[in-house]
Amino acid sequence: MVEVNGIIKEEHYKTILSNGRHEVIGDEPKTNGGSDLGFSPSDLLCAALATCTCVTLRMYADKKGWSLSDVKANISFTRNNEKNVSYITREIELKGNLSPEQRERLLTIANQCFIHKTLTNPIEIETKLR
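Taking the working numbering, the leading residue of the sequence shown gets 17, the next gets one more, and so forth.
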């Protein structure tokens, strides 16, 4: 189980996020009334997919002994509120001495990352008050 706690006080809209070991700041851009002190909620969603993608590909290439020097994942997120649809685009750049077959395999493996699987399958969210 993963647990992250968020707390917001009176500073618009600075939110301290903690997993018990690390803290990061979430905020809204100035255009939304925030102070732009940290990642927006949409940024954090993209960051989760980028991190999971990079880590998954690094782990796989290391396990196979492949010559992968860098993985770069560019994630973009847009939302069409009218249609109630979200769009995520992921572009992956692989650097290293990789064959075309290895590159194709890594592309397939990218879709096996935990966050990709989470975002592409049904999600149930239970909300309770304490």
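For each residue, glycine too, the CB sits at the ideal point set by N, CA and C.
Let me know the secondary structure DSSP gives residue i once reduced to three states.
i, result
"E117", "helix"
"L110", "strand"
"I125", "helix"
Which word fits residue i, buried or exposed, when buried means at least 16 other C-beta atoms lie within 10 angstroms of its C-beta?
i, result
"G22", "exposed"
"I91", "buried"
"L145", "exposed"
"V87", "buried"
"T69", "buried"
Using 8 angstroms as the threshold, is the C-beta distance between residue i and residue j below it?
i, j, result
"I32", "E39", "yes"
"D43", "G50", "yes"
"L65", "I104", "yes"
"K83", "L114", "The question names Lys, yet the displayed sequence has Ser at residue 83. Yes. Within cutoff."
Sort out for me which residues DSSP pairs residue i with in a bridge.
i, result
"I23", "I32"
Could you pull out every unbroken beta strand (DSSP E) segment of at least 3 residues lying fully inside the region 31–106, listed in chain order? Contiguous beta strand (DSSP E) elements confined to the region 31–106 occur at 31–34, 39–42 and 83–96, taking only those with 3 or more residues.
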